[in-house]
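Just below is one structure, and these are the notes that go with it.
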Amino acid sequence: MTGGIEMIKVRDLYHSYNNNEQYAVKNVSFEIAKGEIFGFLGPSGAGKSTTQKILIGLLPLQKGNVTVDGADVRKSSRELFDSIGVSFERPNVYKKLTGVENLKFYSEMFGVPTEDPLKLLKMVGLEDAAHKKAGEYSKGMLQRLVFARSMINNPKIWFLDEPTSGLDPNTTSMIKSIIREKQKQGTTIFLTTHNMHIAEELCDRVAFITNGEISAIDSPRSLKLSFGERLVAVEYIEDGKSKKETLSMVDAGQKQRLNDLITRCKVETMHTQEATLEEIFIKITGKELK
Amino acid sequence: MRRLLSIFRRDVKSSVREFLLLYIILAPIVVTIGLRFFIPSVNAISLQFALDKGMEEAAVQEFEKYGRTELLDGRTALENRVNKVDDIIGVLQKEDGGYVVITQGNEKESAKLMAYQILSGMKSQGAERAVTFSDIGAKISSVAVYGASSVILMAILLGGMVIGLNIIEEKEDMTISALSVTPMRRLEFIAGKSIVGFVLPVIEVLAVIWILGLRDVNVGMVLVMTLSSSIIAVIFGFLMGVLSSNQITGIANMKFLLIFVSASYIGAAVLPADKHIFLYWSPLYWSSIGLIRVIANTITWAQIVQYTVWIIALTGLVFLLFKGKIQKGLT
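Chains as they are written, first to last, in the numbering used here: chain A, 1 to 290; chain B, 1001 to 1331.
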């Protein structure tokens, strides 16, 4: 944890959809500090959405303790949602209402001052489609509308479920900038994704979850240092032929081999290679992210 | 309150942008306009006479020249026949040979005059008889009574259908989960969704009364019956919404409900009074009988209160029966 005020605290969380010993989430514990971006990473069916649904009250808390913004979710009042924003993965908006009407209607549900819908639509690049019915939006536009809607109440705690899913690189970049900007303003962000690149770029800490259990929690950098292998890819000319090798910078023998190549051969290119978060995920969990 | 009105406004906005819902909203008005033109033509289609069996054969033959005749036994049978929905003039021959023309009181003046003219024609042919009129006391056409009350019942039920289809829309678009992560309470959602089920029938009922020119109807009584009956429609609307996964299933479920509506209404309109007891279980029976009697101006405030209590009590039982299903379906 990065330290500071805990905005979300989860202790020994279990959840079973059939109310039996088959847990979709088991023994999950973590805490998220104010202003932290916490990535919850795992493949489909790992328990990410179940955990998030419990945190935002869409599923009842069966076993364990969960506090959000200091309030026990079992006893919290509806007013807690004034400080929470949720961007759903599925575009759950009113298709017969326009973009701006969707945001305006949603803003009327909150008891706190809300953002100007047009300002939010402009932030996500939907200003030209603001008065178009959401039913006429493309998948990416709907995703952005849901994302914009989640900011309407200026949430202190922001739950983002696959916020860049189905978006083009430019829009993804725009969304990432908004997330960073919100973090600077002190918003705590719970990011659920199976996209390791996004997690690596944005998250202060990540948790790997598979089969309902957390297998690692740390910053992407620490995970790489702990589990990753630093490599060097070298392209060189030897006996008139172009060759390529990838060598470990940890293994003594391979370090010696690198030195030999540099002294004996004509090195054309040389790049250090770090393990990706995805590779570390596979290494730790033995599963691929799909 | 702000949230309730927002939900109501959204539902109205969304409904008028959907062809099916717009049609449902406008249907009672369209039917009423049709009925407005239809009522005079029904009365004018042909002449019908209910004649006493004891009448002279010549008189019966004379009436047969001008319209359809039915022969009935005695004054009571004639009055019962005249009291039915269609326009029919009763004619009875008294012991002194004179005639009594029996009417409900709501027939077109021309129809009454026609009976008089036929009898006068017989007079000119030598069979001079005195003619007197007997008015049973109805002030409104039976077609208008049953037409207006059935359209009002339709407007009430379609209000519930609008609620149901809006809930189905929320389910299909999964917007309920988005609302679940706002401070909105479930009760606010239910109350907000219900508003349309009360407001729409009230507006439409006032329009129906105005279009049909029912000036003698007690508007206060109609509104009380409309609002109490809307409670049934609202509950059915929610049930339809939570039980149906899409519009098609929703409409199929509504058709199922219409069986109860039709049975209750037809029973209230057609069955003899002593058989009505078999329909007491249905809140829609109390709505039907109440609306029919309000439009026919044959009800008192005490009866309105009695019917309303029945409606609320029976609907309350239906609600208790399905409360869990409704609550579960809205999460």
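The beta carbon of each residue, even a glycine, is placed where N, CA and C say it ideally should be.
query: CB contact below 9 angstroms: Leu-1179(B) versus chain A; result: yes
query: Burial state of Asn-1043(B) (16 or more Cβ within 10 Å); result: Low confidence applies here, because Asn-1043(B) scores a pLDDT of 45, under 50, leaving its location unreliable and the question unanswered by this model.
query: Gly-1324(B) burial status per 10 Å Cβ neighbour count (16 or more: buried); result: exposed
query: Chain A contact residues for Asp-1173(B), given Cβ-Cβ distances below 8 angstroms; result: Asn-92, Val-93, Tyr-94 and Lys-95
query: Closer than 7 angstroms at the beta carbon, the chain A residues around Lys-1328(B); result: Going along chain A, no residue has its Cβ under 7 angstroms from Lys-1328(B), so there is no contact; the nearest lies around 13 angstroms.
query: DSSP three-state assignment for Ala-1044(B), whether helix, strand or coil; result: Its pLDDT being 49, under 50, Ala-1044(B) is placed unreliably by the model, and nothing is read from it.
query: Chain B contact residues for Ile-54(A), given Cβ-Cβ distances below 8 angstroms; result: What Ile-54(A) touches in chain B: nothing, since even the nearest Cβ is about 12 angstroms away.
query: Within 7 angstroms of chain A by C-beta, residues of the segment 1004-1027 of chain B in sequence order; result: Ser-1006, Arg-1010, Lys-1013, Ser-1014, Arg-1017 and Glu-1018
query: Between the CA atoms of Asn-102(A) and Ile-152(A) - distance to the nearest angstrom; result: 11 angstroms
query: Cross-strand partners of Arg-1068(B) (DSSP beta bridge); result: Gln-1048(B)
query: CB contact below 9 angstroms: Lys-75(A) versus chain B; result: no
query: Among Ser-1194(B), Leu-1051(B), Asn-1297(B) and Ile-1176(B), nearest to Tyr-1099(B) - alpha-carbon criterion; result: Leu-1051(B)
query: Same chain, Cβ closer than 7 angstroms to Phe-147(A), five either side skipped, listed in chain order; result: Ser-87, Val-124, Pro-163 and Ile-175
query: Identified DSSP bridge partners for Thr-246(A); result: Ala-233(A)
query: Three-way DSSP call (helix, strand, coil) for Arg-1186(B) in this model; result: helix
query: CA nearest to the CA of His-271(A), picked from Lys-9(A), Ser-107(A), Glu-181(A) and Glu-235(A); result: Glu-235(A)
query: Proximity to Leu-1153(B) [Cα-Cα], best of Val-1202(B), Thr-1182(B) and Ala-1191(B); result: Val-1202(B)
query: Separation of Val-100(A) from Val-1143(B), as counted between CA atoms; result: 48 angstroms
query: Proximal chain A residues relative to Arg-1002(B), where beta-carbon distance stays under 7 angstroms; result: Glu-108
query: CA nearest to the CA of Phe-110(A), picked from Ala-1207(B), Glu-1188(B) and Thr-1315(B); result: Glu-1188(B)
query: Whole-Å CB distance - Ala-1269(B) paired with Tyr-1146(B), under 8 angstroms assumed; result: 6 angstroms
query: Under 7 angstroms by beta carbon: chain B residues contacting Val-86(A); result: Val-1181
query: Contact set between Gln-1161(B) and chain A, taken where Cβ atoms lie within less than 7 angstroms; result: Before going on, a small fix: residue 1161(B) reads as Met here, not Gln. Within 7 angstroms Cβ-Cβ: nothing; Met-1161(B) doesn't reach chain A, min ~17 angstroms.
query: Beta-carbon proximity check, Lys-1013(B) vs Leu-61(A), cutoff 9 angstroms; result: no
query: When Ile-237(A), Ala-275(A) and Arg-230(A) are compared against Lys-255(A), the one with the closest alpha-carbon; result: Arg-230(A)
query: Neighbour flag for Val-146(A) against chain B, beta carbons, 9 angstroms; result: yes
query: Meets three-Cβ-pair contact criterion under 8 angstroms: the segment 1159-1173 of chain B and the segment 1239-1246 of chain B; result: yes
query: Simplified DSSP assignment, three categories, for Gly-39(A); result: strand
query: Any 3 or more C-beta pairs closer than 8 angstroms across the segment 1026-1033 of chain B and the segment 1068-1084 of chain B; result: no
query: Distance between His-1276(B) and Leu-1092(B) (C-alpha atoms, nearest Å); result: 31 angstroms
query: Tyr-1066(B) to Ser-1287(B) span [Cα, whole Å]; result: 40 angstroms
query: Segments of 3+ residues assigned as beta strand (DSSP E) that fall wholly inside the segment 1143-1213 of chain B; result: none
query: Three-state class that DSSP yields for Ser-1006(B) in the structure shown; result: helix
query: Exposed unless 16 or more other CB atoms sit within 10 angstroms - verdict on Asp-72(A); result: exposed
query: Chain-ordered neighbours of Phe-105(A) on chain B, where CB pairs are closer than 7 angstroms; result: Ser-1006 and Arg-1010
query: Whole-angstrom distance between Ile-1232(B) and Leu-1317(B), CA atom to CA atom; result: 11 angstroms
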